[in-house]
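Q: Mind having a look at this structure? Questions to follow.
In the numbering used here, the protein residues as written are 8 to 515.
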C-alpha cells in the first residue's frame with residue numbers, strides 16, 4: 008500500500024501502566040508521590056510539575072462533558088475526592104529513533120508534545136509520552152516507528168546477541184533518544200543487558216528496563232525482585248506490561264483512506280492489520296481466514312463509507328482517516344482527548360485488577376507460611392474493602408451517554424478480556440475472605456473446646472477434693488491440695504504453650 012506522505016499527518020501516544028510502592032504505607036497517597044516528583048517545581052520546562060484540570064478551553068470542555076458525571080469525578084483531578092495527581096513536563100522536545108533498514112540505517116524524528124503522569128490511588132500510575140511528526144512520514148515508517156519506540160526491553164536474545172533482533176527481526180531500534188534536556192535520555196539496548204552467570208542480577212524478576220523509562224520516572228527506582236527489601240524514604244515502580252508500551256496512534260492520508268472508502272472493505276488489508284497489531288517489520292500472521300476474522304473483531308467500522316476506521320487490541324488503539332479539514336481538526340482532537348481518556352480508563356481498570364490479583368496471591372502466601380490471626384483477617388477485609396471501592400468508583404459498563412463512545416468502550420473491554428479478569432479477581436477475593444473467616448472461626452472453636460475440656464477436668468478435681476475431704480485426715484488433705492495445685496499449674500502451663508504459643512494463636 009502506497010501513500011502520499013507529503014500530505015499525511017500522524018501522532019502517537021505511548022502509555023506505560025505501572026505500580027508504585029514505598030516502605031512506609033502511610034506515604035502511598037498520590038499527593039505524596041506527586042510531591043516527590045515535583046519537589047515544589049512550578050515550571051514544566053524544568054521538569055515535573057503538578058497541574059489541575061480546568062475547563063478553560065473548548066477542547067477541555069468537549070472532553071469533560073463527554074463522560075458521565077461520576078466518571079469525571081474519578082478521572083479528572085478537578086475534584087478533591089478524585090484522589091488523583093496529574094503531572095506534566097515539557098523539558099524534552101524531540102524523540103529521535105535510529106533503526107536498520109536493510110543494510111543501511113534510517114532516522115525518524117518526532118516532536119514531544121508533552122510527557123504526562125497520572126497517579127491514581129491503589130498504587131497505580133500511567134505514564135504517557137505524546138509524540139507528533141515534524142517532517143512528512145510514510146505509513147511504512149509509522150508502522151516501524153510505533154513498533155520499535157514502544158519497546159522497553161528486548162523481546163528475546165539470539166545466541167546472546169541483539170544484533171539480529173535489531174537488523175533481521177526488526178523488533179528493536181539501534182538507538183532511541185529524548186532530546187532537549189541536559190543530558191539527553193538515550194537507550195541503545197546493548198548486549199550487556201543479558202546478565203552473566205556470575206552476576207547477582209541474573210536472579211532478578213526484571214533484569215533490565217529502558218534507561219529512558221527509568222530517567223523519566225526518576226526519582227522512582229525499578230523494583231527488580233518481588234521480595235526485594237524496600238529502603239526507607241525511597242519510592243519504587245514495577246511496570247504492568249511486557250516489553251511493549253501501549254500505543255494510541257492517529258494517521259490521516261487521503262490515498263489509504265480512499266482505498267478503504269472505494270472498496271468498502273478492510274478484512275484483507277495487511278497494512279490495516281499491521282497498524283492495529285503494531286507489526287513494524289513483518290505482518291504477524293499467515294492465514295487469510297484467521298486474518299479476516301481478527302480484523303472484523305478488532306475493527307470499529309461505523310464510518311467505513313467515509314474511509315475512517317478505528318482499531319483496538321490489548322496494546323493499541325488506532326485511527327486511520329482521510330486528510331480533510333474535518334479529520335485533521337475534529338477527529339484528530341477526539342483521538343487526543345475522548346479516545347485517549349477511554350484508553351486510560353481501560354488501562355487503569357486492567358492495571359488495578361492485576362494489582363488486586365497480586366495482593367490476593369501475596370496474602371495467600373502469607374497465610375500458607377504463617378498461622379492465621381486477627382491481623383490476617385483485617386488484611387483480607389481491607390483488601391475486600393478496596394475492591395468494593397474500585398467497583399463503585401472505576402468499574403462501570405457505561406462511561407459516556409454518547410452512542411459511539413459506548414460502542415467503542417464495550418468493544419475495547421471485550422478485546423482485553425477485562426470482564427473475565429474482573430470476575431476472576433472478584434471470586435478470588437470473596438473466597439479469600441470466606442477462607443480466613445472460616446479458618447479463624449474454626450480455630451476459635453478449637454480453643455473453646457480445649458478450655459471446656461480442661462474446665463471440666465479442673466471441676467472434677469475440685470469435686471474429688473470436696474468429697475474426700477470429709478473422710479481423709481486434714482494433714483493428707485493439705486498435702487493432696489499442694490500436689491493437685493502443682494499438677495493443675497503444670498497442666499495450665501502446658502495448655503498455654505501447646506495451644507497458644509507453639510501454634511502462634513492469639514487468645515484475644
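Just so it is clear, CB atoms sit at the ideal spot from N, CA and C, and this is done for glycine as well.
Remember, it's a predicted structure, so these values are computed and weren't measured experimentally.
Please go through the same chain and pick out, in chain order, the residues whose beta-carbon is closer than 6 Å to the beta-carbon of residue 157, but skip the five residues on each side of it.
A: Once the five neighbours on either side are set aside, the close Cβ partners of residue 157 are 21, 251, 252, 254.
Q: Since I believe residue 92 is in contact with residue 38 (beta carbons under 8 Å), could you give me their beta-carbon distance rounded to a whole number of angstroms?
A: At roughly 6 Å, the Cβ-Cβ gap stays under 8 Å, so residue 38 and residue 92 are in contact.
Q: Note down the Cα distance separating residue 515 from residue 233, rounded to an integer number of angstroms.
A: Because the pLDDT at residue 515 is just 42, under 50, the model does not fix this residue reliably, and the value given afterwards should be weighed accordingly. Straight-line Cα distance between these residues: approximately 33 Å.
Q: Hey, residue 75 and residue 159: beta-carbon distance below 8 Å or not?
A: Contact: no.
Q: Starting from residue 125, follow its DSSP beta bridges and name the residues at the other end.
A: For residue 125, which the question treats as bridged, DSSP gives the partners 93, 133.
Q: Rounded to whole angstroms, how far is the Cβ of residue 14 from the Cβ of residue 261, which I believe are closer than 8 Å?
A: Between residue 261 and residue 14 the Cβ distance is about 6 Å, and since that is below 8 Å, they are a contact.
Q: Kindly confirm or deny that the stretch 203-212 and the stretch 113-128 touch, where touching means at least three C-beta pairs closer than 8 Å.
A: The answer is no - the stretch 113-128 does not touch the stretch 203-212, with fewer than three Cβ pairs under 8 Å.
Q: Go ahead and pull the three-state DSSP assignment for residue 246.
A: Strand at residue 246.
Q: Look at the alpha carbon of residue 236 and the alpha carbon of residue 28, and state the distance between them as a whole number of angstroms.
A: Straight-line Cα distance between these residues: approximately 11 Å.
Q: For residue 273, name the three-state secondary structure that DSSP assigns.
A: Correct three-state label for residue 273: coil.
Q: Quick check for students: name the residue ranges of the beta strand (DSSP E) that lie wholly in the stretch 313-360, counting only runs of 3 or more.
A: Fully enclosed beta strand (DSSP E) runs of 3 or longer: 316-320, 323-328.
Q: Measure the alpha-carbon distance for residue 110 versus residue 58 and round it to whole angstroms.
A: Distance between the alpha carbons of residue 110 and residue 58 is about 46 Å.
Q: DSSP state of residue 83, grouped into three classes?
A: Reduced to three states, the DSSP call for residue 83 is coil.
Q: Once you ignore the five residues that flank residue 168 on each side, which residues in its own chain have a CB closer than 6 Å to its CB?
A: The residues are 198.
Q: Are the CB atoms of residue 30 and residue 362 nearer to each other than 8 Å?
A: No, the pair does not count as a contact, with Cβ atoms beyond the cut-off.
Q: Please confirm whether residue 332 and residue 178 have their CB atoms less than 8 Å apart.
A: No, these two residues do not count as a Cβ contact at 8 Å.
Q: What residue does the beta strand (DSSP E) around residue 27 start on, and which one ends it?
A: Taken as a continuous stretch (DSSP letters only), the beta strand (DSSP E) holding residue 27 covers 16-29.
Q: Measure the Cβ-Cβ separation of residue 44 and residue 257 and say whether it is below 8 Å.
A: It is not a contact, given that the beta carbons lie outside the stated cut-off.
Q: Pick from 296, 318, 175, 312: whose alpha carbon is nearest that of residue 285?
A: Of the listed residues, the one whose Cα sits closest to residue 285 is 318.
Q: Looking at the secondary structure, which residues open and close the beta strand (DSSP E) in which residue 182 lies?
A: Run containing residue 182: 182-186, per the beta strand (DSSP E) assignment.
Q: For residue 62, collect the residues of the same chain with a Cβ closer than 7 Å to its Cβ; drop the 5 residues on either side in sequence, then sort them by chain order.
A: Once the five neighbours on either side are set aside, the close Cβ partners of residue 62 are 68, 71.
Q: Considering Cα atoms alone, identify which of 175, 224, 189, 161 is closest to residue 195.
A: Considering only alpha carbons, the answer is 161.
Q: Give the straight-line distance between the Cα atoms of residue 155 and residue 141, rounded to the nearest whole angstrom.
A: Spanning the two alpha carbons is a distance of roughly 18 Å.
Q: Assign residue 256 to one of three DSSP states: helix, strand, or coil.
A: Reduced to three states, the DSSP call for residue 256 is strand.
Q: Report, in whole angstroms, the separation of the C-beta atoms of residue 416 and residue 349, which I expect to be a contact under 8 Å.
A: 6 Å between Cβ atoms; contact.
Q: On the CB-based measure, 16 or more other CB atoms within 10 Å of its CB, does residue 226 come out buried or exposed?
A: With fewer than 16 other Cβ atoms within 10 Å, it is exposed.
Q: Identify the continuous beta strand (DSSP E) that holds residue 106 and give its terminal residues.
A: 101-108 is the extent of the beta strand (DSSP E) around residue 106.
Q: Residue 514 by DSSP, collapsed to three states: which one?
A: Summary for residue 514: the model assigns pLDDT 43, below 50, so the residue's position carries little reliability, and this model does not support an answer.
Q: Evaluate residue 94 with the Cβ neighbour count: other Cβ atoms within 10 Å of its Cβ, from every protein chain shown; 16 or more gives buried, anything less gives exposed.
A: It is buried - the Cβ of residue 94 has at least 16 other Cβ atoms within 10 Å.
Q: Could you tell me whether the Cβ atoms of residue 323 and residue 283 are closer together than 8 Å?
A: Yes, Cβ-Cβ distance for residue 323 and residue 283 is below 8 Å.
Q: Would you identify the three-state DSSP class for residue 116, choosing helix, strand or coil?
A: If DSSP states are grouped into helix, strand and coil, residue 116 belongs with the strands.
Q: Please state if the CB of residue 295 and the CB of residue 129 are separated by a distance shorter than 8 Å.
A: No. Outside cutoff.
Q: For residue 228, list the residues DSSP reports as bridge partners.
A: 243.
Q: Taking the DSSP output, what are the residues bridged to residue 57?
A: In DSSP, residue 57 forms a bridge with 94.
Q: Reducing DSSP to helix, strand and coil, say where residue 509 ends up.
A: Reliability fails at residue 509, whose pLDDT of 48 lies under 50, so the model's placement of it is uncertain and the value that follows must be treated cautiously. Here residue 509 sits in coil by DSSP.
Q: What residues match up with residue 111 in a beta bridge as DSSP calls it?
A: According to DSSP, residue 111 bridges with 108.
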